[in-house]
Structures are given as C-alpha cells and as structure tokens.
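Asker: One structure is given below, represented as structure tokens, and several questions about it will come after.
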Amino acid sequence: MKKTLALAALALFSASAAHALDNRIVKQLNALAPEERREQRCDMEAMDQIRKEGDFRPDKVIAYTFEPPVAAGDDIKAPGAVFRSGGDWYRLKYKCQTGDKGLKIMSFDFKVGSKISRDDWEKYYLYD
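For the record, in the sequence shown the residue sitting at position 60 is 60 according to UniProt numbering, with numbers rising by one throughout.
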C-alpha cells in the first residue's frame, strides 16, 4: 500500500509542467527501494526531456513494457519503454545515470519511437 501511494504521488507530481525535486517528491522517492527509486527518477526525467522537445506532453512513462530495463549500479537502460501523450502511447528508449542515492540525474539520453497501435494496447497492458 505504501509503495502504491508513493507511486501515485509521483505520478501526480511528475505530470506538472516544471517539477523540481521538492521535499514532497524526495520523501516519496526515498520511501522506495533504491532500484525502484532510480527507475522512477529516470522515468520522471524522461517525461521532462520529452516535454522540452515540444512535440509531446507526456503524462506517464513505463520503463518495462516491451522488455525489462537493465540496471547496473547507478545506470539504467530502458530499451523497451513507452510513454503516453495526448491519449496515445509511443515507444521509447532511454539511458539514464543517477547519483545522490538515485535522486540526481547525472546523464540522460533518449529516443522517441513509433506510435503504438490501439489494437496492441491490451496485449501490453496499456490504457487510456
């Protein structure tokens, strides 16, 4: 239950246009296990970076839809990620390096992929 509340709070805070890591977000992230904290922080960074490009307004990132992320120390590669924007889902790949116990982004690279057909949503547990 605690993890669910933390993730719900992260989703709400992450959707804001210019979210900084305020104390509420840090508290929620710190409630997670280190691996989950890094992944959530990288997902938040993905939304920010995609939003800054201007073509999308992401409100959700899932790192593991098409294949699981690969974590090694402070690094995460998510070659099978997705994000939702404007009611549609898109493929996403990202590489993320964190510091400061998973709270700080040291480097981040990403590539937006193709739009995912609505016919495939159920197969991959995607939703409106």
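Virtual Cβ for every residue (Gly too), placed ideally from N, Cα, C.
(1) Would you call the region 51-68 in contact with the region 19-36, where contact means no fewer than 3 C-beta pairs closer than 8 Å?
(2) Determine the contact status of ALA81 and ALA46, defining contact as a CB-CB distance below 9 Å.
(3) For a quick check, are the C-beta atoms of LYS123 and PHE108 less than 9 Å apart?
(4) Where DSSP assigns a beta bridge to ILE25, which residues make up the other side?
(5) Could you check if MET44 is buried or exposed, using at least 16 other CB atoms within 10 Å of its CB as the buried criterion?
(6) Give every residue of the same chain whose Cβ lies closer than 7 Å to the Cβ of ARG84, excluding the five residues on either side of it in the sequence, and list them in chain order.
(7) By Cβ distance below 7 Å, which residues in the same chain neighbour ALA6 in space, the five residues on each side in sequence not counted?
(8) Can you look up PRO79 in the DSSP assignment and give me helix, strand or coil?
Answerer: Considering the structure as presented:
(1) no
(2) yes
(3) no
(4) For ILE25, which the question treats as bridged, DSSP gives no partner whatsoever.
(5) buried
(6) PRO58, ASP59 and LYS60
(7) Residue placement at ALA6 is poorly supported in this model, since its pLDDT is 43, which falls under 50; the coordinates are not used for a value here.
(8) strand
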